[in-house]
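A.B. asks:
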Amino acid sequence: MDRVRTAELTGAEIVIRCLQEEGVEYVFGYPGGAVLYLYDELFKQDKVKHVLVRHEQGAAHAADGYSRASNKVGVCLVTSGPGVTNAVTGIATAYMDSIPMVIISGQVPTAAIGLDAFQEVDAVGITRPCVKHNFLVKDVRLLAATIKKAFYLATTGRPGPVLVDIPKDVTTHKTEFHYPEEISLRSYNPVRKGHSGQVKKAVQLLLEAKRPMIYTGGGVVLSNASAQLTALVRQLGFPCTNTLMGLGGYPATDKQFLGMLGMHGTYEANMAMQNCDVLLAIGARFDDRVIGNPQHFAQNPRKIVHIDIDPSSISKRVKVDVPIVGHVPDVLDDLIKLLRAGAQQPDAQALAAWWTQIDEWRGRDCLKYDRTSKIIKPQFVIEKLWEVTGGDAIVTSDVGQHQMWAAQFYKFDKPRRWINSGGLGTMGFGLPAAMGARMANPGATVACVTGESSIQMCLQELSTCKQYRLPIKIINLNNRYMGMVRQWQEFFHGNRYSESYMDALPDFVKLAEGYGHRGVLVDKPADVEPALRDAFKRKDELVFLDFLTDQTENVFPMVPGGKGISEMILAEEL
Amino acid sequence: MRHIISILLENEAGALSRVSGLFSARGYNIESLTVAPTEDASMSRMTIVTTGSEDVVEQITKQLNKLIEVVKVVDLSEAEHIERELMLIKVRASVKEREDMKRMADIFRGRVIDVSDNTYTIELTGDCRKLDAFIQTLDAGAIIETVRTGASGIGRGNRVLRV
Ligand SMILES: Cc1ncc(C[n+]2csc(CCOP(=O)(O)OP(=O)(O)O)c2C)c(N)n1
Numbered sequence: 002m003d004r005v006r007t008a009e010l011t012g013a014e015i016v017i018r019c020l021q022e023e024g025v026e027y028v029f030g031y032p033g034g035a036v037l038y039l040y041d042e043l044f045k046q047d048k049v050k051h052v053l054v055r056h057e058q059g060a061a062h063a064a065d066g067y068s069r070a071s072n073k074v075g076v077c078l079v080t081s082g083p084g085v086t087n088a089v090t091g092i093a094t095a096y097m098d099s100i101p102m103v104i105i106s107g108q109v110p111t112a113a114i115g116l117d118a119f120q121e122v123d124a125v126g127i128t129r130p131c132v133k134h135n136f137l138v139k140d141v142r143l144l145a146a147t148i149k150k151a152f153y154l155a156t157t158g159r160p161g162p163v164l165v166d167i168p169k170d171v172t173t174h175k176t177e178f179h180y181p182e183e184i185s186l187r188s189y190n191p192v193r194k195g196h197s198g199q200v201k202k203a204v205q206l207l208l209e210a211k212r213p214m215i216y217t218g219g220g221v222v223l224s225n226a227s228a229q230l231t232a233l234v235r236q237l238g239f240p241c242t243n244t245l246m247g248l249g250g251y252p253a254t255d256k257q258f259l260g261m262l263g264m265h266g267t268y269e270a271n272m273a274m275q276n277c278d279v280l281l282a283i284g285a286r287f288d289d290r291v292i293g294n295p296q297h298f299a300q301n302p303r304k305i306v307h308i309d310i311d312p313s314s315i316s317k318r319v320k321v322d323v324p325i326v327g328h329v330p331d332v333l334d335d336l337i338k339l340l341r342a343g344a345q346q347p348d349a350q351a352l353a354a355w356w357t358q359i360d361e362w363r364g365r366d367c368l369k370y371d372r373t374s375k376i377i378k379p380q381f382v383i384e385k386l387w388e389v390t391g392g393d394a395i396v397t398s399d400v401g402q403h404q405m406w407a408a409q410f411y412k413f414d415k416p417r418r419w420i421n422s423g424g425l426g427t428m429g430f431g432l433p434a435a436m437g438a439r440m441a442n443p444g445a446t447v448a449c450v451t452g453e454s455s456i457q458m459c460l461q462e463l464s465t466c467k468q469y470r471l472p473i474k475i476i477n478l479n480n481r482y483m484g485m486v487r488q489w490q491e492f493f494h495g496n497r498y499s500e501s502y503m504d505a506l507p508d509f510v511k512l513a514e515g516y517g518h519r520g521v522l523v524d525k526p527a528d529v530e531p532a533l534r535d536a537f538k539r540k541d542e543l544v545f546l547d548f549l550t551d552q553t554e555n556v557f558p559m560v561p562g563g564k565g566i567s568e569m570i571l572a573e574e575l
Numbered sequence: 006m007r008h009i010i011s012i013l014l015e016n017e018a019g020a021l022s023r024v025s026g027l028f029s030a031r032g033y034n035i036e037s038l039t040v041a042p043t044e045d046a047s048m049s050r051m052t053i054v055t056t057g058s059e060d061v062v063e064q065i066t067k068q069l070n071k072l073i074e075v076v077k078v079v080d081l082s083e084a085e086h087i088e089r090e091l092m093l094i095k096v097r098a099s100v101k102e103r104e105d106m107k108r109m110a111d112i113f114r115g116r117v118i119d120v121s122d123n124t125y126t127i128e129l130t131g132d133c134r135k136l137d138a139f140i141q142t143l144d145a146g147a148i149i150e151t152v153r154t155g156a157s158g159i160g161r162g163n164r165v166l167r168v
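Residue numbers (the numbering used here), protein chains in the order written: chain A, 2 to 575; chain B, 6 to 168.
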């Protein structure tokens, strides 16, 4: 049944009405020729608020951050040609991390398509490999239904960005407006419920395990399954690890949590992964940064249960024994029910021995660093950040060493607090994502952990922060290097620091001030905590904290590329 | 291993490039690809011949299923099926070669569908191996031009692919 039936509207009016129908609060965008009619309609109403970014990459990242921090759809609006191409990095970032987003792009008029018109690019063609789906709408009568489809596709199944490309003339054509209440596509029917026979097999395997391990990824966060996961892990008494994308899915301060796993995961998490006999993988995809070399991983025999919404994520890099395709929280509910109904308990004796082994691994204290240093250690800054914010801030990050330290040292107890580009690894993500996160959570404490190289990739958004009064705290771990690049060059390229030194850095304090914010330089360990406390007291101000950190610090543990997950380099080994 | 994959997909602009883009982006082989609308004009049927290990082919079918416009996917080579390809081949056929050429076409159940002073154009259908065999049988110098449609496939008996 159609909810709304009115006189004829223009395409531009229809788009805005659709956004209103979807309950869209914010659109992150940037105007231009092809979207002028859309902007005109935005101007005439005040339900959907527009956030004017300073670069379309920022629009896509902000919409993405908004979505990650809220579980709502992030919406972004860009013009044709350079507007779309600027947004592509942001779209690909969202795609790699399965973030529900709708991107509306302007296109040259239908009659001009294919004629190399001014600001024409094949938006659908360029974005095809980095969207869940995309549409070019050539007929205004299909516009409302297409936008409905876009929101439906973005949010169901494995989520992802969907682009709707709208030629300028279509925004002026008129038709009657119907916003379909529901949509169904014969070619798209994501599974929700896990196969009950498979769930039974999984329970059996878990109960028989001697050295069990639970490994969870972004899927748990995206599907809001933290409560179920926590219940399951506690009920079983098994150890749990999260991927970079999955942090916050299980409370990091809990004793059953082994920390993050993977290339820069903890010793205990990686060792337990390699040595477990039953592995329960949930909403995770065994990617190269997580399990390293799959052949090495396969050397230890183990049974694997894998729960995921996306069948193509199962048995892609690692063969699994019990695949369960379904919506994670629903499958976990079924698992928990079955466990509670049965009389059998996990093998307590075996489990105790396994925990003894794990505690021994924990004893390596793999994240230790020099606490007596006269130079600021980046790890120390993150530890203090965690303390000062009570562990409850929304933390976004850019990409590099600072990202890994934030992931290792900020203990996320709740989901949707840790926002980073895990799949694509996009420098420049942190600041615009923080804007979106803050818009989604007015009043929340939002920190952006970044490096002096990353922050310069979307620096212009400081201006957006000023305009919309977004009191983000920028934690710049300034080591004057593209630290992660430098680390690889130190380990694998004979200390030849080719182009990884950040020369001619701006004075970040003055720069922040130039944008109308507060800037603070911190160069002594003793000043770290007071500077953080002062910054976070300033509820209405953006504070740019420029921490001059140890240039030579490296991220440990580290699994070198191509190595097995248990073949870690530890700090003390160098 | 050679696999023949059948796909039902929405007959929409761009659907073909989503499929071919998937193959190139993920490094899967395409030996041949054919596509045309079905009796229901809103739907197309595509046949792709590919090679890959069982793991790769499993990924191919999963990735195809993931495309929004793909309605159904089946690996025909998993069970009994029929496969046909059409070839048009233009060969040298001067007066003294004509009889031989005609006989050869007959053996392969081909038909001569166009004749000029010194050429024959032969139409031949069959599975890929038969078409390959015909080409092999001819003297390479005799072949002027070949055009092949790529394989189309269908399951045997009650094995059907439809919505
Ligand atoms: C857009 C983009 N370009 C290049 C890279 C490769 N890269 C990964 S980490 C890194 C260095 C980041 O340096 P910085 O932001 O200072 O952080 P640090 O590692 O020093 O903490 C680079 C260049 C990337 N991830 N993204």
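Every residue, glycine too, gets a C-beta built ideally from N, C-alpha and C.
(1) Between the C-alpha atoms of residue 152/A and residue 92/A, what's the straight-line distance to the nearest angstrom?
(2) Residue 173/A and residue 139/A: beta carbons closer than 8 angstroms?
(3) Could you check which residue in 89/A, 500/A and 208/A has the C-alpha nearest to that of residue 341/A?
(4) Could you tell me which of 310/A, 320/A and 284/A sits nearest to residue 295/A, measuring between CA atoms?
(5) Given this structure, state the Cα-to-Cα distance separating residue 25/B from residue 326/A, to the nearest angstrom.
(6) Distance, Cα to Cα, residue 557/A vs residue 58/B?
(7) Going along the chain, which unbroken runs of the alpha helix (DSSP H) with 4 or more residues stay wholly within the region 399 to 426 of chain A?
(8) Can you tell me whether residue 461/A sits near ligand 1, meaning its C-beta is under 7 angstroms from at least one heavy atom of the ligand?
(9) How many Å lie between residue 116/B and residue 125/B at the Cα?
(10) For residue 136/B, does the three-state DSSP call read helix, strand or coil?
(11) Look up residue 533/A in the DSSP assignment and say whether it is helix, strand or coil.
(12) On a CA-only basis, which of 287/A, 333/A and 304/A is nearest residue 317/A? Give me that one, please.
(13) For a contact meaning CB atoms closer than 9 angstroms, what does residue 169/B contact in chain A?
(14) By alpha-carbon positions, which one of 94/B, 50/B, 111/B and 37/B ends up nearest to residue 17/B?
(15) Is the CB of residue 32/B under 8 angstroms away from at least one CB in chain A?
(16) Compute the beta-carbon to beta-carbon distance between residue 431/A and residue 449/A, rounded to the nearest angstrom, for a pair I have assumed lies under 8 angstroms.
(17) Within the present structure, is the beta-carbon of residue 321/A separated from the nearest heavy atom of ligand 1 by less than 7 angstroms?
(18) In three-state DSSP terms, what is residue 519/A?
(19) Counting pairs of Cβ atoms below 8 angstroms between the region 57 to 72 of chain A and the region 111 to 120 of chain A, do you hit three or more?
(20) Which of the three DSSP states is assigned to residue 364/A in this structure?
(21) Can you list, in chain order, the residues of its chain with a C-beta nearer than 6 angstroms to that of residue 101/A? Leave out the 5 residues immediately preceding and following it.
(22) 8 angstroms is my cut-off, CB to CB: does residue 59/B come that close to chain A?
(23) For a cutoff of 8 angstroms on Cβ pairs, would you count residue 280/A as touching chain B?
(24) Which word fits residue 555/A, buried or exposed, when buried means at least 16 other C-beta atoms lie within 10 angstroms of its C-beta?
(25) Using CA atoms only, rank isn't needed, just tell me which of 103/A, 203/A, 54/A and 187/A is closest to residue 75/B.
(26) Along the alpha helix (DSSP H) that carries residue 485/A, what are the first and last residues, could you check?
(27) Please list, in chain order, all residues of the same chain as residue 64/A whose beta carbon is under 7 angstroms from its beta carbon, the five residues on each side excluded.
(28) So with Cβ pairs under 8 angstroms, would you call residue 316/A a contact of chain B?
(29) Quick check for students: name the residue ranges of the beta strand (DSSP E) that lie wholly in the region 44 to 100 of chain B, counting only runs of 3 or more.
(30) So, is the C-beta of residue 196/A closer than 8 angstroms to a C-beta in chain B?
(31) Just curious, the beta strand (DSSP E) that residue 479/A is in, first and last residue?
(32) Nearest-angstrom Cα distance between residue 19/B and residue 567/A?
(33) Indicate whether at least one CB of chain A lies closer than 8 angstroms to the CB of residue 49/B.
(34) Which one or two residues does DSSP pair with residue 160/B in a beta bridge?
(35) DSSP state of residue 203/A, grouped into three classes?
(36) As a quick exercise: from 149/A, 353/A and 335/A, pick the residue whose alpha carbon is nearest that of residue 199/A.
C.D. replies: On the basis of the data shown:
(1) About 15 angstroms.
(2) Taking 8 angstroms as the Cβ cut-off, residue 173/A and residue 139/A do not qualify as a contacting pair.
(3) Ranked by Cα distance from residue 341/A, the options 89/A, 500/A and 208/A are led by 208/A.
(4) Considering only 310/A, 320/A and 284/A, the residue with the shortest C-alpha distance to residue 295/A is 320/A.
(5) When rounded, the distance between both Cα atoms is 26 angstroms.
(6) Looking at the two C-alpha atoms, the distance is approximately 37 angstroms.
(7) You should have 402 to 410.
(8) Not under cutoff, so the answer is no.
(9) Their backbone Cα atoms lie some 10 angstroms apart in a straight line.
(10) Per DSSP, reduced to three states, the secondary structure at residue 136/B is helical.
(11) DSSP, reduced to helix, strand and coil, places residue 533/A within a helical segment of the structure shown.
(12) Taking each of 287/A, 333/A and 304/A in turn and checking the Cα distance to residue 317/A, the smallest one comes out for 287/A.
(13) Limits of chain B in this structure are 6 at one end and 168 at the other, which puts residue 169/B out of reach.
(14) Answer by Cα proximity: 50/B.
(15) Output row for residue 32/B: interface = no.
(16) 4 angstroms between Cβ atoms; contact.
(17) The answer is no for residue 321/A.
(18) Here residue 519/A sits in strand by DSSP.
(19) The count of Cβ pairs closer than 8 angstroms, one atom from the region 57 to 72 of chain A and one from the region 111 to 120 of chain A, stays below three, leaving the stretches out of contact.
(20) Residue 364/A: coil per DSSP, three-state reduction.
(21) Hits under 6 angstroms: 68, 74, 155, 156 and 160.
(22) No Cβ of chain A is located within less than 8 angstroms of the beta carbon of residue 59/B.
(23) Taking CB atoms only, residue 280/A has no neighbour in chain B less than 8 angstroms away.
(24) Buried.
(25) That would be 187/A, whose Cα lies nearest to the Cα of residue 75/B.
(26) Element bounds for residue 485/A: 484 to 493.
(27) 29, 75, 76, 77, 102 and 437.
(28) Against chain B, the CB of residue 316/A has a partner CB under 8 angstroms away; the residue lies at that interface.
(29) List check, beta strand (DSSP E) in window: 48 to 56, 75 to 80 and 86 to 97.
(30) No - not a single Cβ of chain B is within 8 angstroms of the one on residue 196/A.
(31) First-last of the beta strand (DSSP E) with residue 479/A: 474 to 479.
(32) Rounded to whole angstroms, the gap between the alpha carbons of residue 19/B and residue 567/A is 45 angstroms.
(33) No - not a single Cβ of chain A is within 8 angstroms of the one on residue 49/B.
(34) Partner(s): 86/B.
(35) Note: residue 203/A maps to helix in three-state DSSP.
(36) Here the closest residue by C-alpha is 335/A.
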